[in-house]
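Worksheet: the structure to be examined is printed underneath.
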Amino acid sequence: MKIKTLFLALFLSLAPSIVQAEMKHRVWYMPDGTVRITIPADSACSKNESQASCEKRIFEETGNEIPELKAVLSSGDYEDIDPVLKPDRADREYWRGSKATGIRIDAAAKNAGNQERLKRQADKQSAKDKLKTLGLTDSEIESLLER
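So the sequence shown is numbered by UniProt numbering: it starts at 1 and just counts up by one.
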């Protein structure tokens, strides 16, 4: 009986999130080729407001409040997408796109960022090796490199 009650409580707590569709995301295609995405919070909608009217209101407010987006709102260089179509957020700093192409990952910028990160790691290791030859301990080296 306790297990049935537990499953019922779990189902009832998850049911609203299963039934309610996730709100669309607005992709703003900026003139420089970068993209911005507006993700509305469910709590931003009033009780009697439909999801569609809530999305429309939030997207229009966002477009009118942020100067860079106001021009994009007028030009129509945006689209509302299903959240599952959005690329993985891990590479979001490399997102580029236009309304014609959609969102893509700028591989050249991503590779340049990775090369820079690898160079910093190699430089740090080189500095550690040089400091070890001076007789410093690992903890002393770490405290110096943290600054």
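For glycine and all other residues, C-beta sits at the position ideal for the given N, C-alpha and C.
Straight-line Cα distance separating residue j from residue i
| i | j | result |
| --- | --- | --- |
| Lys128 | Leu118 | 15 Å |
| Ile103 | Thr133 | 49 Å |
| Ser93 | Met30 | As written in the sequence, residue 93 is Glu, which differs from the Ser given in the question. Cα to Cα, Glu93 sits roughly 14 Å from Met30. |
| Gln115 | Gln121 | 10 Å |
| Lys70 | Glu140 | 52 Å |
| Asn64 | Ser126 | 51 Å |
| Phe59 | Ser75 | 14 Å |
| Ala15 | Glu22 | The predicted position of Ala15 is uncertain, since its pLDDT is 42 and thus under 50; no value can be drawn from it. |
| Thr38 | Leu145 | 38 Å |
| Leu136 | Asp123 | 18 Å |
| Lys99 | His25 | 14 Å |
| Cys54 | Trp28 | 18 Å |
| Ala112 | Glu142 | 27 Å |
Where the alpha helix (DSSP H) containing residue i begins and where it ends
| i | result |
| --- | --- |
| Ser139 | Asp138 to Glu146 |
| Ile103 | Counting along the chain, Ile103 falls outside any alpha helix (DSSP H), though it belongs to the beta strand (DSSP E) covering Gly102 to Ile105. |
| Arg57 | Gln51 to Glu65 |
Where residue i falls, given that 16 or more other Cβ within 10 Å makes a residue buried
| i | result |
| --- | --- |
| Asp82 | exposed |
| Lys47 | exposed |
| Leu12 | The predicted position of Leu12 is uncertain, since its pLDDT is 48 and thus under 50; no value can be drawn from it. |
| Gly33 | exposed |
| Pro40 | buried |
Residue i, enclosing beta strand (DSSP E) - first and last residue
| i | result |
| --- | --- |
| Gly135 | No beta strand (DSSP E) contains Gly135, which DSSP labels as neither H nor E. |
| Glu79 | Tyr78 to Ile81 |
| Gly97 | Trp95 to Ser98 |
Presumed contact (8 Å Cβ cut-off) between residue i and residue j, rounded CB distance
| i | j | result |
| --- | --- | --- |
| Val72 | Tyr78 | 6 Å |
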